[in-house]
Each structure stands twice: as structure tokens, then as C-alpha cells.
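K.L.:
Quick mapping for you: the protein sequence lines, in order, are chains A, B, C and D. Note that the numbering used here has the first sequence beginning at 1, numbered continuously upward. Note that the numbering used here has the second sequence beginning at 390, numbered continuously upward. Note that the numbering used here has the third sequence beginning at 779, numbered continuously upward. Note that the numbering used here has the fourth sequence beginning at 1168, numbered continuously upward. A single structure is presented below for examination.
Protein chains: 4
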Amino acid sequence: MQERYQAVRGHSERLAAPLSAEDQAIQSMPDASPTKWHLAHTTWFYETFLLGRFEPGYKVCNPDYAFLFNSYYEAAGPRHARPARGMITRPSVAEVIAYRRHVYAAMLRLLGRDVPPDLRFLVELGLHHEQQHQELLVTDVLHALAQNPLKPACDPGWRPPLPIGGEARMLDGPSGLVEIGTPAETPFYFDNEGPRHRVWLDPYRIASRPVTNGEWLRFIEAGGYAQPLLWMSDGWAARYAEDWQAPLHWQQDRDGRWMQFSPAGLAPLDPDASVRHICWYEADAFARWAGKRLPTEAEWEAAAATLPLDAVADDVWQWTESAYRPYPGYRPWAGLVGEYNGKFMINTMVLRGGSVATPPGHARLGYRNFFHPDKRWQFTGLRLAENAR
Amino acid sequence: MQERYQAVRGHSERLAAPLSAEDQAIQSMPDASPTKWHLAHTTWFYETFLLGRFEPGYKVCNPDYAFLFNSYYEAAGPRHARPARGMITRPSVAEVIAYRRHVYAAMLRLLGRDVPPDLRFLVELGLHHEQQHQELLVTDVLHALAQNPLKPACDPGWRPPLPIGGEARMLDGPSGLVEIGTPAETPFYFDNEGPRHRVWLDPYRIASRPVTNGEWLRFIEAGGYAQPLLWMSDGWAARYAEDWQAPLHWQQDRDGRWMQFSPAGLAPLDPDASVRHICWYEADAFARWAGKRLPTEAEWEAAAATLPLDAVADDVWQWTESAYRPYPGYRPWAGLVGEYNGKFMINTMVLRGGSVATPPGHARLGYRNFFHPDKRWQFTGLRLAENAR
Amino acid sequence: MQERYQAVRGHSERLAAPLSAEDQAIQSMPDASPTKWHLAHTTWFYETFLLGRFEPGYKVCNPDYAFLFNSYYEAAGPRHARPARGMITRPSVAEVIAYRRHVYAAMLRLLGRDVPPDLRFLVELGLHHEQQHQELLVTDVLHALAQNPLKPACDPGWRPPLPIGGEARMLDGPSGLVEIGTPAETPFYFDNEGPRHRVWLDPYRIASRPVTNGEWLRFIEAGGYAQPLLWMSDGWAARYAEDWQAPLHWQQDRDGRWMQFSPAGLAPLDPDASVRHICWYEADAFARWAGKRLPTEAEWEAAAATLPLDAVADDVWQWTESAYRPYPGYRPWAGLVGEYNGKFMINTMVLRGGSVATPPGHARLGYRNFFHPDKRWQFTGLRLAENAR
Amino acid sequence: MQERYQAVRGHSERLAAPLSAEDQAIQSMPDASPTKWHLAHTTWFYETFLLGRFEPGYKVCNPDYAFLFNSYYEAAGPRHARPARGMITRPSVAEVIAYRRHVYAAMLRLLGRDVPPDLRFLVELGLHHEQQHQELLVTDVLHALAQNPLKPACDPGWRPPLPIGGEARMLDGPSGLVEIGTPAETPFYFDNEGPRHRVWLDPYRIASRPVTNGEWLRFIEAGGYAQPLLWMSDGWAARYAEDWQAPLHWQQDRDGRWMQFSPAGLAPLDPDASVRHICWYEADAFARWAGKRLPTEAEWEAAAATLPLDAVADDVWQWTESAYRPYPGYRPWAGLVGEYNGKFMINTMVLRGGSVATPPGHARLGYRNFFHPDKRWQFTGLRLAENAR
């Protein structure tokens, strides 16, 4: 477990390495957080839920950090306002790194001893939590640097996912009474993935791969962003208010050529790559335009478990038709970590799969990602489905 | 059908009768509409979807009304901005009544002939549509007059629903593979109620009656509005932003006694009556505090079809755990009325049952009402449920 | 004094006569008030500052009206929120008229006796106050009906001011050490008009008449609304935020012809009439474009006292270069009416003259009208000036 | 001139020296700018108005900087949105320093030659411009670090102004026909300070020193922030909206002791020091409470020229009763720098004197500083005045 701890912690720091102190300090919108905050908050998580409670004699690095780096845990005390995270210039990046080292050392000591299962669970949770923030770190800093008219690259060495290519095929998925939800014997999973339960599915087909940029260009050219009848009412209002004309991070150069801003900087749009940085409203409108629909999360999970789908987990998160609500029999984790997932089960839509920014080994078939339907700054795309009869 | 047409139309006018011209003109928030607008919009519906298309030689009452009284039908042309409906002082109430008479006479002529089934459907839809606006008329004007510090009664003769009384019992509902959705042979139902389809339900229990004001007072006294851990994250943010301390239309008099504003005016709160004017966030927090949960809409429908539940359809609408999304195989109606329901199937939660303000004969067991989870101005309450296991 | 009281009171009611109950109830923006509110507030003024204090045995018409119809007098107690005045459907127009009658009768009784000077002053103030609201009533209802896409006429019999015609001449005004301010012996004047005091004026010239619509059209055609260098920084921000392209109440018909909405309804723009419904920012930008400037209020007053200027007081209010600040030695009136003028002497600019909507006999040479520099709904225009040197 | 250039440029860099890269990057409100932006913008000023136009062969450091670092010069081309200055993480602090060096070297070459008077004026303007930004740099970073709940010191070595001590005396100022405005023969002054002109002043008295913190505490204790009758109407609305209870940067510790946040960090409030970080609304309310008033700018200037006033120019800026408007005969500078002052002459109030943060040698007796009346983040205080008769 020490080794895994070292590996996950090191990955966060590698993600921050190409960024300057200024890059790591700013917050470009209330949904996003500074890189530095992600580095500190994930550290606070171990300090608060593990070291502070189970490590006798542990001394907190700085008593003010509990206020600054608690995200949303009401039970863990008051905290700095989320939209003001970009106002915290001190502690500096260097002090945050020192904070990480302090907690790292204490955690290695703790892990060097015989760790009982409840603590092992919390360590594992801390690591999965840190992996979630690793993905957010990438998308948040991408959003932040996109505000700069110079469009600087966050990480010149970043590599986009490989395009699948070819036509999408519509495959028959398993139907009837199926079971979904991560099996209880899985070593680690989030509370929102269970309990495993039965769902009735009518026959359907699902696409072998996500929708591509090239297909999305046809939607744009067909007036997809100008036709209210394709959109949900709330979606059209959002499109209008924010003047969406294309996915986030797309722009046209002087010759009308489409460019895409990625962590590697601005580059010509690859028509064969999966479309990303679209919100649920856009995904839903596209599907309607295409004469299809989004899959439900149960369809997605049942199909992904049995069919030869491409780009399941390392390309783009895939919006589903399902609102993010508790599974039948859902119970939040006991104790302080009970706030982790349950309180967000409203107004959000489920995404399945995983993206190029999801750390390897993090997601599962039963993994439920979720965002409000107007959010576009994640690596989010879509896979089409349709009724079979 | 002429008789039914007369009855429904007359009911709208009876609802408006106790209101002054000023009462009928104002709009107290973007969600609400002036009484006068409801009277005109329901009239426009027949004119646009029936008379203008199927009655040869029909002359519109006033060509400007199509712009003023279209609500949200993109396919029916441009329209006046919803939040500005209260700015329309002319046509006057008297002119709107004249508009109603004009359309009424033409409709009676149309209905006096042999009406083919597709037109019969549109007439029936127009009547159900008008009934929906009858309920909105009552809740909208209640909200409007509530803005007046004098708290004038909208309709001094209005009668509240009768309290059920007694303790609620938790009853076992039908489970396993059940069917829900309004059966296709039902003479009229909204597109969102079908198709009838199978759903798997784990065992559960459901309360014999809705939650009462007295039970809600205990929630308040127990600090229900002060404890973030009971609330969804978005719900707590809304509670905080709008400073909710009690249901809408409740206020304390100088002696701390709770009063409730209803169409009949301000009166002492009846502890045995069903609680109403709560939003989904409040219903959900209450259920969590009570150690229970809201029923899903499938549970509600299956239970209401078989169990002796009280106050199913004439007291308060009952929030469910279900997001308002299309049923499997859902298809919007063809043609212009296709915008009726489908485009609102996001960010809203399903309510089941019916309220004291729902016109008799309007709702059905399979009826799906829906509002955003922060809306409180309808006659909305809750019925508890729990897992049976 | 009884006769004058009757005349002024009657004029308010004549202004409201062409308006429906709905017209009189709505409020189209926080700056404006419903007609009905003006009728009631001016009545409350006599009740509060005269009858309630000096008429033994006077019974208030309705104790709730003090809350509803106090405008901004902190010392007179709490009051209904200004932006919510349009939410008051009751008392009805008829009840407001009854309120007026109640106070009218009591005032006539009071005026029928021997009235000491301090009371005479308050009566006179009440009448001037009511005249100010008469002008606001006209501009507020014009703004309200302008929200209606049907552009109904407020008062079909309304007559615009007569155009002056001809070229404007630039006239030399009195300079050196001059005196301005309404002389203390004037029977009635507002506290803000005094004390009379000395001001040093460098030589200047002032236009014989206000700027016309025709001249404003040339400003539009020359790109006046598109050239930031002509505008104050705050003015350009306002122009941009509200997308001003022409004065308020101007619109182009399908053929590009300019129309103007007035109390008499929509009619072709008269190029010879004085431009109106422009804010200070627009007046200032126009003057800069024309190579001139606005007069200071001292220049305006000194010139108007001695030169043969046209359209001084019955056409449009004329923006000046002067911020509305207290004169040297200014003291607000003693007592409750001390809040009348003084607390608005910041962020506002002085207008001089009077408009077509100003009741005859209301304004004086020394009269100081004032509005924030972005306000456009009054009958506001401009007269140019320049340095003579 | 080379020497002076070096001195002023060096002072900017010394001010930034105690700040981290993160401190220099953030923007805490639209009124404020990042330190890094101040360092770059003052550099852009020389590049744009001098080197680019008068230095043959000059190569701009980076063509993107003109867009990023233009503040508000419409005539100098498009620019980055002011409220988004904190989103610019790149160029980094180090790159901005390199930009400064690039321009510095070019400027020294230019100054090493024979400089004609028009260029000398622009150099001098650039230096005064940079000095203005030096003061803003201090106040902006103070505001930024004040957002941090840890209240870190911007500059631990910062020294507050020395308290004057003793009672304020009310001194008779020069009255009658006086002259104000910076004399035309002054080597450098801003266009808004002239032309020198005559003003008539009635007799008045002016305080020998600014109001102190101790005096302000008495205003607080007397309920000054709770009494609307002391405030301008717009001021009371602002006080209420922003919940002002004390000057900016004041806070009470757990024992109720008043602390003040300064560039040196949080320290007990010195009752003998001049009050600072108050807006015009507060200054005006205080003066009314004290039975006095603010001086006009003409009174201030005439008095400061002749009387032995304390703390004229090195303690706090002093709000005056005067709106910031052009002097009679004012003409903006010709050319691109014409936008420097004139377009802000609305909605702002004049401050006179100078503050502890004003670079030595920058201000003059005739210097006109100005801010909107609700701004509190500058070193702003007040000096009382009163009518002499």
C-alpha cells in the first residue's frame, strides 16, 4: 500500500510540474479550483480523515489549513468560500509542497505499521479521491489558461487520445432483467455505485464508438446550434445566454479553420477524434438531430460489460440519459465521509466510462461520474443509442 | 363534447371572477403569469392549434394576440418574453373576455359539426391544457397577492382540503416486475405518461397519507432548516440564498403563532392538514430527517393503484424521488403540440397525485406533474416511503 | 388657497382619467411608480405632514396606507420596497380615489380656517410635490406602455410641444461675478434652490434653442453611438450594456423610417422638435461631437434671466454640465421634510428649465431638477454652450 | 532625466520585491489590478506613446503585449477586459521583468540623446503615470491579501504615517474671489489641474488636521452606521448592500478590540492616526454627524496654499465636497493621451492632498485625485470644514 500511495501522490506532483506558480494560483470560475488548492486539499483529506483521528501524536502542519482546504464537508467544520479559492496567494506553491511532504511522511509511517481494514478503506478512499482531483486539476488549469488570449499550453507533452476511426456500428445490447451496480466484493468502489440491483431493459442498440468531431461539425453545419426544437427548454436558454456555437475550447482561425485548445495548446481540430467538452444539453440535442438518443446508464453498463465497445474508458466521459439519483437501497458511507457523494444526487446527469485525463486504474465499469447538464469544461462526449424496436 | 367544452371554459372564468382588473394584470415572478394571460393563452391555444388550421374562413380575433399569448411554442412563431407578461396592460381584462367569447363561439360551431378523431384529440388536449392553467391561475394569483403586505384574500369562498387526521401507516406496496404508465386505451392522456412499460421494484413501504403541518412543525423545531447535513448540496445553497425557514406562505404573528396564507386569506395554520408549498429540497430534507425517503414515481403509481391510500388526488401534489425523464420508448406527439411536454424533461422532479386546485377529472393515476426542485408556489407536499427489506 | 388646492388635485385625476385600472397598477422599472401609487402617495403626503400633525381629531383613512405610500422618508417610518410598488393590486384604483376624497375633504376643512404660515408652507409644498408627481406620472406610464409591443397610446389627446424651427444662434451670456439661486423673497421655492449666492463666470455663449431631432439624426448618422472617444467612460459602458442606438422611445419601422412613441402613441419623428428622452451621457457626447459643451447651471440661469432664449420652460428639461450638489450655505428644511431634496445631492446631474409635462406654474428660473446621468425616461433634452473667449 | 527615469522605474520594482509570484498575479476585484499588470502596463505606456512612435527601429518586446497591457486607451486599439486581468498567468513575473528591462534599455538610449520638449513631456507623463500606478499597486495588493483569512503582510517593513495628535483647530481660510488651478508655468501637471481660474468663496473654516481613528470610533459608537438620516440616499443603499459597519480593513478580534490591516499586516488600531479606507459616503455622513461638512476643492486648495495645515500630502487623501468635473476652459491633452483624465469626469468626487502611498514628489497643491463615492480601498480620509458665518 505504501508503494501505491507513493505512486498516486507522485502523479499529482508530476501533473503540476509544467505549471508556474501563477498558473497554479488562479481560479477561472467557481466550478474550478486552483492547482495549488487541489494539491493541498487532497493532502488535507488524509490529514483530517486519517492522521488527525488515528495517528496518536500527529501534529497538523498548520492549523489554518483546515479552514483553507476543506472543500465541502460540513461535518468537518467551517471553510473558505469556494468561489474565493483563487484569492489565496499564501500559502505559496512551495509551502503547499512542504505541506504535502509533511503529510506524506506521516502517512508512510502509518502505512508502515499494521493497518486495520477500516483505515485501509480510508487510505484507499484518499487515493481515489486524489485521483479524482488529478483529473479536475487538468481540466481546471485547461480552463484557466484558455482565458488567456495567448492560449499558452499547460503541458506541451500532453498526448490526445488516439482516434478510433471508421463508421460507428449500432450493436444490440443485453436487455430484459439485468443487474447493474458494482459488485459488493469489489475491493474498492464509491458508495454511489451500489448496491447492485435489478433493472428491466427494453431492447436497444448502442454505438460501437463515441461521436467524433467530424460528426459534430456536420451538426454545426446543419444549424444544430440555431434550431430550438432540437433542444431541451433549459438547454436552449443556456445556449442562448452563453452564446454557444461549438464545443468549449473550439475556435476558428482567420481562415475559418477550426482549432482546438488542449493541454498541449492550440492545434487544428482532428475530425476523427471523439468530440469532447460538450455539455449534456449539447449531447442531447445532437442525439435528437441524429434521430437517436443517449443510452441510460443501465444500458451503458450492461452493454459495456458484454459488447466489444471502443473507447469505453480512456477517451471521453459519455453522457447518459440518466439523472444522477441514488440506486435502490443506496446508503451513504457512515461517518464524516458520508457527504462524499450523496448530497450531489440532484440536478446532475450521469456520465459513464472515463477519459484521457482519468488516472489509469481509477474508473470501473460501474463508476458513476456526474455533472450539471450545462457543464462543458470536463473531457465529456457522447455515445449514441436507440430503441431496438 | 360541446357541454364539456362549456363547462371547462366556464370554470376558468369563475376562477377569475373574484379578482379585480389589477389582480389579473400583475406578474409576481417569472415563473408565474397574470390571470389575464392565462385566460388569453388558453384561448389562443384553440385558435392556433384548431380554428386557424381546421376551420375554413375563421378570422383571428386580433393578429397581435399570437405574439402576446404564445407561451413557449417555438414552432408557432415568435412570442412576448415570459418575464414581461406583467407589462401587458392592454388588451384589458374586458378585451380578453371578448377574445374568449370570439373563440368560444367559433369553437361551438366547430364542435356542432361532425368532428374527426384527430380534431377531437386536439379539443380534448385544449381542455386539459386549460385545466392545467386553471391550477396555475390559482397558485399564481396566490403568489401575487402574497406580495402585498396587507395579505388580501384572492377568493374569500375558497375551501382548504379536509385534513385526514390520525397517524400515518406504512403500507407494503406491490413489488417485483410491475407495469406503470397510463394504458394506451385510456381516452386521453399526455404523451409523457406513456408508453406503459415494465419496471423492477424492490420491496418498499409507503405512507397511508401525506405529511402534515404538525409533523412539519416538529421538523422546524428540531432545526431542520439549520442542519446542512439533512440537505442536498444544491438544496442547502438555495435554502441559504433565499433564507427559507418554513414553507412558503407561512408566517408568524406577533405572538409567534403560525399563520398560513391561502386563497381565502391569512388564517391560523391547521396542524392536521397536509403540508403544502414546500419544494423538493425541503421534502427530501424532511424525509431524511424522518429516517425515510420519498417514493419513486413507479412505487407511487403501483401503490396508488392497489393500496387504500388517503389523499391521493385532491389534497397536495406529492414529490417523488424520480427525476422527470422520458419513459422507455417515449415519443412526443407529432406536429406543433410536440413541444408540449418533452422539452421540460430535465432538471425537474416528478410529482404525483393532484391537489385541491386541480380541476376534478383532470388528473389520472399515471399523471406526471413536474417542477424544478426549488419551486414552492404550487400546492406541493410529500408522502413518505421506505425500503421494506 | 382652497381653489388652488382643488385645481392641483383635480389635475392629477385628469391625468389618470384615460388610463385603465391595469395601466394604473403596473411598474415597468424600479425608477418608475404605478399611476395609482402616485395618486396615493401625494395624498399620503398631506395626511402625514399636515392632517396627522395639525388637524385635531383627524382619522387616517387606513392605517396600512402609511406603510404602502411612504416613498423614502426614513423619519416617517418603515415603508414598502420601492421596486415592489407594482405588486400592490389592492387598494384598487377605486379605493385610492376614495382615499383621495377622504383627504381632500379634510384638507378643505383645514384650508377653510385661518391657516398659519408654517402650515401654509406645508400646503404649498404638498401642492408642488403633487405637481412633481404629475410629471412623473406621465413619464412613468409612458415607459410602462412602451413595454407593450402593441404601443398603445396613454392619452390620445396629448399634444407635443410646438417646434421652434430655424437655426440655433449662439448668444453671449452674462459673465463675471453673477448671482444665482432663487431669491429668498420668492413665495415658494425648494430648499435646494438657495441660498442665492455669487458665482464667477468666464465669458461664454449659449444656444437660443434646444437641440432638435433633426440635429440628433445627424449625430446618429455620423456614428455618434459607435465612437467611444466621444463618450465619458461610464457613459460608454452604459451605452454598451444597454445597447443604446438612439434616444429612448425611438424606433425604426420596416422601411427604416424613425418613429417616436409619445403619450399620444407612435408617430413619425418630427425633425424640428427638440430631442427628448436622452440621458446626460448622450447629451454630453452630442455636445462633444458638435464641438461645444453643455452650459453650467449658473450659466444657464444667468442667461435665461437676461437673454431671449426659446423653449426655456415648456419643452424639454435641459441637462447641464453641473453635478447636483448643495449651494454654498445650503441648509435642508427643518423637520420631517428635511429629507426632501438634500439626500439626493450625489451622483446626479442638474437639469434646468421645464418640460411639456411640467404643470404650468410649477417651475422657476432657479429650479433645480436632477437625475442620474443614465436616466432617459424623462422629457430631457439639451441646449448647447461654448466658451466665448 | 535619465537619473530620474532610473529612480522612478526602480521604485516600482522595489514595491513588488516583497511579493511572491502568486501575490503579483491575482486580481481581487474589477477596480484593482494585479501587481504584475501594473509593472507591465506602465512599461507599455513608454513603449506605445514614446518608443513606438519616436524611436526609429524600435522593436516591440512582444506584439501580444499591446493587447494585454493597454488599460483603457480606445485610440490605442483593442485590449484585454479589465475584470479579467487576474486570468493572465503568462507572461510570468519573470517575463514581465524582462519586458521592463527591454523597454528600460531602449528608453535610456532615447534619453541619452537630445530630447525635444514634446518628447520630454511624454517622458515626464510616463513617469507620473508610473507613480500613480505605484500607489495603486500598494492599495491593490493590500486589497488582494485582505481576502486571505490568514491576513498575510504585503510588506513587513511598511511604515504607517506618523499621527499628528492633539485637537483639530478650525482655521479661517482665504475667501472672496480666489484663484485655483495649477499655474501654467509649472514644469509638469495633469491637464485636469488647469486652467487656473477664478472662484468665488464665501467665508469658511477648515480643520488643521484630518479626522482620526479615535474620532471615527465615536461615530461608530454613536450609531453612525445605523442612522439613515446621516447619509445620502445612494450612500445608505450602498452601506446596506455591502453591510459596512466600519472602515475597510478594520476588524474586531475576539475581545472586541479593533485591529487594522495594513501593508505591514494586522495590528491594533491607533486612535491618533488619521482614519483611512473610508469612501465619500462615509466621509459625508461623518461630517454631517459632526455638525460640519467637507471642504470644496477650491476651499481646500486656497487654504492649503496659505494656512499651516497638518498632513496635507503624506498621510491620507482627503475627500472634498466637489464633484470631479472639468474646470472652466478645460481642454484635454491633444493626441492619444487625451483620454488620460477627461473621460472620468462624471460620477466621481475629488480628493486632495496625497497619502502615505503617494510617491514623494508626485502630487501638487493643485493635484486632483478622484474616485467614485463608494470606493474604499485607497488611503482615503477626510478633513472637516464649516461655513464661517
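The beta carbon of each residue, even a glycine, is placed where N, CA and C say it ideally should be.
(1) Got a sec: is the Cβ-Cβ distance from Thr478 (chain B) to anything in chain C below 7 Å?
(2) Would you say Glu800 (chain C) and Thr478 (chain B) are within 7 Å of each other, going by their C-beta atoms?
(3) Classify Glu971 (chain C) as buried or exposed, calling it buried when 16 or more other Cβ atoms lie within 10 Å of its own Cβ.
(4) According to DSSP, is Arg810 (chain C) part of a helix, a strand, or is it coil?
(5) Give me the chain B residues within the contact set of Asn926 (chain C), using Cβ-Cβ distance strictly less than 8 Å, ordered along the chain.
(6) Taking any Cβ of chain C, which residues in the region 390 to 414 of chain B have a Cβ under 8 Å from it, in chain order?
(7) Between the beta-carbon of Gln1096 (chain C) and the beta-carbon of Leu1160 (chain C), is there less than 7 Å?
(8) Report the rounded CA-to-CA distance for Gly555 (chain B) versus Glu610 (chain B), giving the unit in angstroms.
(9) Taking the runs of the alpha helix (DSSP H) that are 4 residues or longer, which of them lie wholly in the region 1376 to 1406 of chain D?
(10) May I ask you to check if the CB of Ser1179 (chain D) is nearer than 6 Å to at least one heavy atom of the ligand PLP?
(11) Could you spell out the range, first to last residue, of the alpha helix (DSSP H) harbouring Ile486 (chain B)?
(12) With His586 (chain B) as the anchor, note down where its beta strand (DSSP E) starts and where it stops.
(13) How many angstroms separate the CA atom of Gln2 (chain A) from the CA atom of Asp114 (chain A)?
(14) Straight-line CA distance for Gly392 (chain A) to Glu130 (chain A)?
(15) I'd like to check one pair, Tyr716 (chain B) with Gly570 (chain B): are the Cβ atoms closer than 7 Å?
(16) Do you know offhand how far His80 (chain A)'s Cα is from Ala470 (chain B)'s?
(17) Rounded to whole angstroms, what is the Cα-Cα separation between Gly1120 (chain C) and Trp1403 (chain D)?
(18) Tyr1172 (chain D) to Gly1279 (chain D), Cα distance in whole Å?
(19) To the nearest angstrom, report how far apart Ser711 (chain B) and Thr320 (chain A) are at their CA atoms.
(20) Should Pro934 (chain C) be flagged as near chain B, meaning a C-beta pair shorter than 7 Å?
(21) Could you check whether the region 268 to 283 of chain A touches the region 235 to 251 of chain A, counting it as contact only if at least three pairs of C-beta atoms, one from each stretch, sit closer than 8 Å?
(22) How long is the line joining the alpha carbons of Val1345 (chain D) and His1269 (chain D), rounded to whole angstroms?
(23) Taking beta-carbon pairs under 9 Å, can you tell me which members of the region 1364 to 1381 of chain D lie near chain C?
(24) Assign Pro480 (chain B) to one of two classes, buried (16 or more other C-beta atoms within 10 Å of its C-beta) or exposed (fewer than that).
(25) What separation, rounded to the nearest whole angstrom, lies between the Cα atoms of Leu1436 (chain D) and Val1483 (chain D)?
(26) Using the Cβ count rule (16 or more neighbours within 10 Å means buried), how would you classify Glu1506 (chain D)?
(27) With DSSP collapsed to three states, give me the class of Thr709 (chain B).
(28) Could you tell me whether any Cβ in chain C is nearer than 7 Å to the Cβ of Glu1401 (chain D)?
(29) For the region 540 to 548 of chain B against the region 395 to 409 of chain B, do three or more pairs of beta-carbon atoms, one drawn from each stretch, fall closer than 8 Å, so that the two count as touching?
(30) In whole angstroms, what separates the C-alpha of Gly864 (chain C) from that of Ala495 (chain B)?
(31) Can you find a CB in chain C that lies within less than 7 Å of the CB of Leu1217 (chain D)?
(32) Quick check: the Cα distance between Ala1004 (chain C) and Thr917 (chain C), rounded to an integer number of angstroms?
(33) Name the chain C residues whose beta carbon is nearer than 9 Å to that of His638 (chain B)?
(34) What residues from chain D crowd round Lys1169 (chain C), counting only those whose CB sits closer than 9 Å?
(35) Who are Thr769 (chain B)'s beta bridge partners in DSSP?
(36) Are Gly458 (chain B) and Ala429 (chain B) close, meaning C-beta to C-beta below 7 Å?
P.N.:
Let me lay it out:
(1) As a working note, residue 478 (chain B) is residue 89 in the second sequence. So, interface residue.
(2) In the third sequence, the residue the question calls residue 800 (chain C) occupies position 22. In the second sequence, the residue the question calls residue 478 (chain B) occupies position 89. Cβ distance < 7 Å, so Glu800 (chain C) and Thr478 (chain B) count as in contact.
(3) For the purposes of this step, residue 971 (chain C) is taken as the residue at position 193 of the third sequence. Looking at its Cβ environment, which holds 16 or more other Cβ atoms inside 10 Å, Glu971 (chain C) is buried.
(4) Position 32 of the third sequence, counted from the start, is the residue given in the question as residue 810 (chain C). Position check: residue 810 (chain C) holds Ala in this sequence, whereas Arg was assumed. Looking at Ala810 (chain C) - three-state DSSP - the assignment turns out to be coil, as it is neither helix nor strand.
(5) What you label residue 926 (chain C) is simply residue 148 of the third sequence in a count that begins at 1. The answer, in chain order, is Met476, Ile477, Thr478, Arg479.
(6) Ser409, Ala410, Glu411, Asp412, Gln413, Ala414
(7) The count along the third sequence starts at 1 and reaches residue 1096 (chain C) at position 318. The count along the third sequence starts at 1 and reaches residue 1160 (chain C) at position 382. A contact, by the Cβ cut-off of 7 Å.
(8) Residue mapping note: residue 555 (chain B) aligns to position 166 of the second sequence, counting from 1. Residue mapping note: residue 610 (chain B) aligns to position 221 of the second sequence, counting from 1. Taking the straight line from one Cα to the other gives about 21 Å.
(9) 1380 to 1388
(10) For the structure depicted, the ligand PLP is absent and the ligand set is empty, with no information on it obtainable.
(11) For the purposes of this step, residue 486 (chain B) is taken as residue 97 along the second sequence, with counting starting at 1. Where Ile486 (chain B) is concerned, the enclosing alpha helix (DSSP H) stretches over 482 to 500.
(12) For the purposes of this step, residue 586 (chain B) is taken as residue 197 along the second sequence, with counting starting at 1. 586 to 590 is the extent of the beta strand (DSSP E) around His586 (chain B).
(13) Position 2 of the first sequence, counted from the first residue, corresponds to residue 2 (chain A). Position 114 of the first sequence, counted from the first residue, corresponds to residue 114 (chain A). Taking the straight line from one Cα to the other gives about 12 Å.
(14) The requested residue 392 (chain A) is not part of the displayed model; chain A covers only 1 to 389.
(15) Position 181 of the second sequence, counted from the start, is the residue given in the question as residue 570 (chain B). Position 327 of the second sequence, counted from the start, is the residue given in the question as residue 716 (chain B). The answer is yes: Cβ separation under 7 Å.
(16) Residue 80 (chain A) sits at position 80 when you count from the first residue of the first sequence. Residue 470 (chain B) sits at position 81 when you count from the first residue of the second sequence. Each residue's alpha carbon lies about 39 Å from the other.
(17) For this step, residue 1120 (chain C) is matched to residue 342 along the third sequence. For this step, residue 1403 (chain D) is matched to residue 236 along the fourth sequence. Near 13 Å, if we compare the C-alpha coordinates of Trp1403 (chain D) and Gly1120 (chain C).
(18) Counting from 1 along the fourth sequence, the entry for residue 1172 (chain D) is found at position 5. Counting from 1 along the fourth sequence, the entry for residue 1279 (chain D) is found at position 112. Roughly 11 Å between the two C-alpha positions.
(19) Along the second sequence, read from residue 1 onward, the residue named residue 711 (chain B) stands at position 322. Along the first sequence, read from residue 1 onward, the residue named residue 320 (chain A) stands at position 320. Cα to Cα, Ser711 (chain B) sits roughly 16 Å from Thr320 (chain A).
(20) Within the third sequence, the letter at position 156 stands for residue 934 (chain C). Pro934 (chain C) does not count as touching chain B.
(21) yes
(22) On the fourth sequence, residue 1345 (chain D) is found 178 positions in, with the first residue counted as 1. On the fourth sequence, residue 1269 (chain D) is found 102 positions in, with the first residue counted as 1. Their backbone Cα atoms lie some 48 Å apart in a straight line.
(23) His1364, Arg1365, Val1366, Trp1367, Leu1368, Asp1369, Tyr1371
(24) Locating residue 480 (chain B) in the second sequence gives position 91, counting from the first residue. Pro480 (chain B) comes out buried.
(25) Taking the first residue of the fourth sequence as position 1, residue 1436 (chain D) is located at position 269. Taking the first residue of the fourth sequence as position 1, residue 1483 (chain D) is located at position 316. Roughly 16 Å separates the two Cα atoms.
(26) Position 339 of the fourth sequence holds residue 1506 (chain D). Under this definition Glu1506 (chain D) is a buried residue.
(27) By 1-based counting over the second sequence, the position of residue 709 (chain B) is 320. Strand at Thr709 (chain B).
(28) Here the question's residue 1401 (chain D) lines up with position 234 in the fourth sequence. Per the sequence shown, the amino acid found at residue 1401 (chain D) is Asp instead of Glu. True, the Cβ-Cβ gap to chain C drops below 7 Å.
(29) yes
(30) For this step, residue 864 (chain C) is matched to residue 86 along the third sequence. For this step, residue 495 (chain B) is matched to residue 106 along the second sequence. The straight-line gap from Cα to Cα measures roughly 36 Å.
(31) If you number the fourth sequence from 1, residue 1217 (chain D) lands on position 50. Chain C, which has no Cβ nearer than 7 Å to the Cβ of Leu1217 (chain D), makes this no.
(32) Numbered from its first residue, the third sequence carries residue 1004 (chain C) at position 226. Numbered from its first residue, the third sequence carries residue 917 (chain C) at position 139. Their backbone Cα atoms lie some 28 Å apart in a straight line.
(33) Taking the first residue of the second sequence as position 1, residue 638 (chain B) is located at position 249. The contacting residues do not exist; His638 (chain B) stays about 15 Å from chain C at best.
(34) Nothing can be reported for residue 1169 (chain C), as the shown portion of chain C is limited to 779 through 1167.
(35) Taking the first residue of the second sequence as position 1, residue 769 (chain B) is located at position 380. Looking at the DSSP assignment, Thr769 (chain B) forms a beta bridge with B:Trp706.
(36) Numbered from its first residue, the second sequence carries residue 458 (chain B) at position 69. Numbered from its first residue, the second sequence carries residue 429 (chain B) at position 40. Checking the sequence, you will find Phe at residue 458 (chain B) rather than Gly. Yes; because the gap between Cβ atoms is below 7 Å, this pair is in contact.
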